[in-house]
Amino acid sequence: MRHVIICQESALLTQAYPKPPEHGEVLYLVDDRTFQRKLSKAGHQALSGDLRDGRIYQRAHVNRDDKVLVQVRNPELTEDIVEQLQHVESKPSVAVLTRNGYLPILPETVKHVSAEALVAKATETALSRSGTHHRVQALRDVLAPAKNLLILVQHDPDPDAIASALALRTVLGRNKTTAPLGSFGKVTRPENVTMIRLLEVEIEHLMNKDLAHYDAIALVDVQPPYFGDRLPAVDAVVDHHPRTADYEARYCDVRTNFGSTATIFVQYLQAVGAKVTQRLATALYYGLKTDTLFLGRETTDADIEAFTYLYPLANHSLIRRMERPEVPLRDLDALGYALRARAISGSTFFTHVGLVEREDVLPQFAEFCLQVKEIERSVVSGIFCGNLVVSLRSHPHVKGSGGLVRHAFGQYGSAGGHRSMAKAVIPLAALEEHFGRLNDADLAQFVQNQILQCLGASTVA
Ligand SMILES: [Mn+2]
Numbered sequence: 008m009r010h011v012i013i014c015q016e017s018a019l020l021t022q023a024y025p026k027p028p029e030h031g032e033v034l035y036l037v038d039d040r041t042f043q044r045k046l047s048k049a050g051h052q053a054l055s056g057d058l059r060d061g062r063i064y065q066r067a068h069v070n071r072d073d074k075v076l077v078q079v080r081n082p083e084l085t086e087d088i089v090e091q092l093q094h095v096e097s098k099p100s101v102a103v104l105t106r107n108g109y110l111p112i113l114p115e116t117v118k119h120v121s122a123e124a125l126v127a128k129a130t131e132t133a134l135s136r137s138g139t140h141h142r143v144q145a146l147r148d149v150l151a152p153a154k155n156l157l158i159l160v161q162h163d164p165d166p167d168a169i170a171s172a173l174a175l176r177t178v179l180g181r182n183k184t185t186a187p188l189g190s191f192g193k194v195t196r197p198e199n200v201t202m203i204r205l206l207e208v209e210i211e212h213l214m215n216k217d218l219a220h221y222d223a224i225a226l227v228d229v230q231p232p233y234f235g236d237r238l239p240a241v242d243a244v245v246d247h248h249p250r251t252a253d254y255e256a257r258y259c260d261v262r263t264n265f266g267s268t269a270t271i272f273v274q275y276l277q278a279v280g281a282k283v284t285q286r287l288a289t290a291l292y293y294g295l296k297t298d299t300l301f302l303g304r305e306t307t308d309a310d311i312e313a314f315t316y317l318y319p320l321a322n323h324s325l326i327r328r329m330e331r332p333e334v335p336l337r338d339l340d341a342l343g344y345a346l347r348a349r350a351i352s353g354s355t356f357f358t359h360v361g362l363v364e365r366e367d368v369l370p371q372f373a374e375f376c377l378q379v380k381e382i383e384r385s386v387v388s389g390i391f392c393g394n395l396v397v398s399l400r401s402h403p404h405v406k407g408s409g410g411l412v413r414h415a416f417g418q419y420g421s422a423g424g425h426r427s428m429a430k431a432v433i434p435l436a437a438l439e440e441h442f443g444r445l446n447d448a449d450l451a452q453f454v455q456n457q458i459l460q461c462l463g464a465s466t467v468a
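The numbering used here puts the sequence shown at residues 8 to 468.
Okay, structure coming up:
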């Protein structure tokens, strides 16, 4: 593959290819002998001649494997050159770089780029990075004096929060000793548990009294009102959720139009030219992906740019393992049995798996059962750590999963969720207090009855 650059001295293109690139050849075609000698002296291949005369293109053996870029000052000359290139027998790819808003008349196959538009886009990026760099500087100034900095996240931190915390550490040039990640709760969602295990992220479980140990607190993906009056003064807040109440923080960057806090941190990292490791990129990519439901929800250009930046840097096989946790071999038999012992009522699929080794097998299985033909809602239950765990999944158009599960099981344990995914965790002890001893068949029946009662249906086929 060869680039053929048809240009005059001072053309932007001669600056774009200052040295012969290592891969692929570059040939300059120019109309001025002095300029040609200058290019040759600099180590370039160059031919000179009348650019309006087809013979120069024959001499250069221009052909369909070439990529031809044209930039000359005179618009008529541009059109003449393109005309000559139309006569080359095996057609090369041709692009024209124009300036001063001039749009030459070109055949459809020849594409045109405006130098002004290119420059405008590049300068816009540089300007916005300069602005972001100022912000990062302010953030660093606020947090630098702290010997012990606490990076605090929600009670059950999600991938966006965890990734943002790691990114803040990188932006500040700190480590887990001088800037530990802390939460008053713990990670419970199976995917998130897998994420912190695979990426070796440590999250300290905090008690109120632990706060005295820190000289500064930074909140990521969350804001002070979330913690009630539990926190002393907060030093920095970086988040994308709407402000729910007034608060003070020495540094505050809240961007509600962004799909994730990870997006804000990608901009920080890019602005300061920080080295983004594969681990950090993987975390940020996963955070951005889960918070925006794979760019399907509340996504802005900034999110898409962050996604494009992170995609080639992230470890996708790790992401796969976070999204689709492995099924332990022992649980496979339970799943096989559960599939045969299914119950279907209308478009709702029920199955009870019994004792499982890993809790995340249940939502994964519920996801699978949702694929059964004509099924719109799947309810999978099982026993994990002395609890009856119920996982519900539904097609996107079947709403209200969270409400349904809350109605059905809220009185016995914790229950809730979103539109299309929900979960209940009920201590078996609490159930047996109500109903006496229960075997797996009883539990299966209990789950079905509770759900069907709430759905207003009564038959199980
Ligand atoms: Mn978030």
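We put the beta carbon where it would ideally sit given N, CA and C, even for glycine.
Mind checking I458: buried by the 16 CB within 10 Å criterion, or exposed?
In the sequence shown, residue 458 corresponds to position 451, counting from 1. If you draw a 10 Å sphere on the C-beta of I458, you find 16 or more other C-beta atoms in it, and that means buried.
Any heavy atom of ligand 1 inside 7 Å of the beta-carbon of D167?
Taking the first residue of the sequence shown as 1, we reach residue 167 at position 160. Yes - ligand 1 has a heavy atom lying nearer than 7 Å to the Cβ of D167.
Closer than 7 Å: D72 CB and nearest ligand 1 heavy atom
Along the sequence shown, read from residue 1 onward, the residue named residue 72 stands at position 65. False, no ligand heavy atom lies under 7 Å from that Cβ.
Give me the Cα-Cα distance between T355 and R426, rounded to the nearest whole angstrom.
Stepping through the sequence shown from its first residue, residue 355 is reached at position 348. Stepping through the sequence shown from its first residue, residue 426 is reached at position 419. Whole-angstrom Cα-Cα distance: 16 Å.
Give me whichever residues DSSP pairs with S352 in a beta bridge.
Taking the first residue of the sequence shown as 1, we reach residue 352 at position 345. S352 pairs with T355.
beta-carbon S97 near ligand 2 non-hydrogen atom, thresh 7 Å:
Absence of ligand 2 from the depicted structure is noted, with ligand 1 being the only ligands included.
Do A431 and S421 come within 8 Å of each other at the CB atom, strictly closer than that value?
For the purposes of this step, residue 421 is taken as residue 414 along the sequence shown, with counting starting at 1. For the purposes of this step, residue 431 is taken as residue 424 along the sequence shown, with counting starting at 1. Cβ distance < 8 Å, so S421 and A431 count as in contact.
Any heavy atom of ligand 1 within a distance shorter than 7 Å of the CB on T306?
The residue you call residue 306 lines up with position 299 of the sequence shown. The answer is no for T306.
Cβ pair I224, L188 closer than 8 Å:
As a working mapping, residue 224 is identified with position 217 in the sequence shown. As a working mapping, residue 188 is identified with position 181 in the sequence shown. In this structure, I224 lies away from L188, with their beta-carbon atoms at least 8 Å apart.
Which runs of the beta strand (DSSP E) at least 3 residues long sit entirely within the region 207-242? Give them in chain order.
210-212, 223-227
Evaluate K406 with the Cβ neighbour count: other Cβ atoms within 10 Å of its Cβ, from every protein chain shown; 16 or more gives buried, anything less gives exposed.
The residue labelled residue 406 in the question sits at position 399 within the sequence shown. So K406 counts as exposed.
Length of the line joining the Cα atoms of A468 and I390:
Position 461 of the sequence shown, counted from the start, is the residue given in the question as residue 468. Position 383 of the sequence shown, counted from the start, is the residue given in the question as residue 390. For A468, the pLDDT reaches just 44, beneath the cut-off of 50, and the residue's location in the model is therefore unreliable, leaving the point undetermined.
By the three-class DSSP mapping on this structure, what secondary structure does D87 have?
Looking up residue 87 in the sequence shown gives position 80. In the structure shown, the three-state DSSP call for D87 is helix.
Rounding to the nearest angstrom, what Cα-Cα distance links P111 and H10 in this structure?
Translated into the one-based positions of the sequence shown, residue 111 becomes position 104. Translated into the one-based positions of the sequence shown, residue 10 becomes position 3. A direct Cα-to-Cα measurement between P111 and H10 gives close to 22 Å.
Determine the closest residue to T201 out of L226, D165, A288, E439, with distance taken between C-alpha atoms.
Taking the sequence shown and counting its residues from 1, the one referred to as residue 201 is at position 194. For the residues L226, D165, A288, E439, the minimum Cα distance to T201 belongs to D165.
Using C-beta distances below 6 Å, list every residue in its chain close to S385, excluding the 5 sequence neighbours before and after it, in chain order.
By 1-based counting over the sequence shown, the position of residue 385 is 378. These residues qualify, in order along the chain: F356, A373, C376, L377, R400.
Closer than 7 Å: S267 CB and nearest ligand 1 heavy atom
Here residue 267 is taken as the residue at index 260 of the sequence shown, counted from 1. Yes, the Cβ of S267 comes within 7 Å of a heavy atom of ligand 1.
Rank R331, R62, I12 by C-alpha distance to the C-alpha of E96 and give the top, closest one.
Taking the first residue of the sequence shown as 1, we reach residue 96 at position 89. Among R331, R62, I12, the Cα nearest to that of E96 belongs to R62.
Span of the beta strand (DSSP E), counted from its first residue to its last, around K430
Working through the sequence shown from its first residue, we reach residue 430 at position 423. Start and end: 428-434.
Terminal residues of the beta strand (DSSP E) in which I390 lies:
Sequence index remark: in the sequence shown, residue 390 carries index 383 (1-based). Here the beta strand (DSSP E) through I390 covers 384-391.
Is H10 helix, strand or coil by DSSP?
Within the sequence shown, numbered from 1, the residue matching residue 10 stands at position 3. Strand.
Using only alpha-carbon positions, find the residue among E32, H220, A281 that is nearest to L175.
As a first step, residue 175 is located in the sequence shown; it is residue number 168 there, counting from the start. Checked all of E32, H220, A281; the closest Cα to L175 is A281.
By the three-class DSSP mapping on this structure, what secondary structure does Q457 have?
Within the sequence shown, numbered from 1, the residue matching residue 457 stands at position 450. Looking at Q457 - three-state DSSP - the assignment turns out to be helix.
In or out: M329 buried (at least 16 other Cβ within 10 Å) or exposed?
By one-based count along the sequence shown, residue 329 stands at place 322. It is buried - the Cβ of M329 has at least 16 other Cβ atoms within 10 Å.
State the Cα-Cα distance for the pair D447 and N215, rounded to the nearest angstrom.
The sequence position of residue 447 within the sequence shown is 440, counting from 1. The sequence position of residue 215 within the sequence shown is 208, counting from 1. Rounded to the nearest angstrom, the two C-alpha atoms are 41 Å apart.
Under a three-way DSSP split, which group does R365 fall into?
As a first step, residue 365 is located in the sequence shown; it is residue number 358 there, counting from the start. Note: R365 maps to coil in three-state DSSP.
Exposed or buried, what is Q371 when buried is set at 16 or more other beta-carbons lying within 10 Å of its beta-carbon?
What you label residue 371 is simply residue 364 of the sequence shown in a count that begins at 1. By the 10 Å Cβ count, Q371 comes out buried.
Can you tell me whether F442 is buried or exposed, with buried defined as 16 or more other CB within 10 angstroms of its CB?
As a working note, residue 442 is residue 435 in the sequence shown. Classification for F442: exposed.
Nearest candidate by alpha-carbon position, reference V79, set K380, I13, T116:
Translated into the one-based positions of the sequence shown, residue 79 becomes position 72. Closest by alpha carbon: I13.
Rounded C-alpha distance that separates F314 from K193:
The residue given as residue 314 occupies position 307 in the sequence shown. The residue given as residue 193 occupies position 186 in the sequence shown. Put simply, the backbone Cα of F314 is about 27 Å away from that of K193.
Extent of the continuous alpha helix (DSSP H) run through G410
For the purposes of this step, residue 410 is taken as the residue at position 403 of the sequence shown. Here the alpha helix (DSSP H) through G410 covers 408-416.
Alpha carbon to alpha carbon, what distance is there between E123 and Y109?
On the sequence shown, residue 109 is found 102 positions in, with the first residue counted as 1. On the sequence shown, residue 123 is found 116 positions in, with the first residue counted as 1. For Y109 and E123, the distance between alpha carbons rounds to 10 Å.
Can you grab the Cα-Cα spacing for the pair L336 / L369, in whole Å?
Residue 336 sits at position 329 when you count from the first residue of the sequence shown. Residue 369 sits at position 362 when you count from the first residue of the sequence shown. Going by the C-alpha atoms only, they are around 14 Å apart.
State yes or no: is the C-beta of V227 within less than 8 Å of the C-beta of V241?
Within the sequence shown, the letter at position 220 stands for residue 227. Within the sequence shown, the letter at position 234 stands for residue 241. Cβ atoms of V227 and V241: not closer than 8 Å.
Can you give the Cα-Cα distance for T251 and Y344, rounded to whole angstroms?
As a working mapping, residue 251 is identified with position 244 in the sequence shown. As a working mapping, residue 344 is identified with position 337 in the sequence shown. So the alpha carbons of these two residues sit roughly 48 Å apart.
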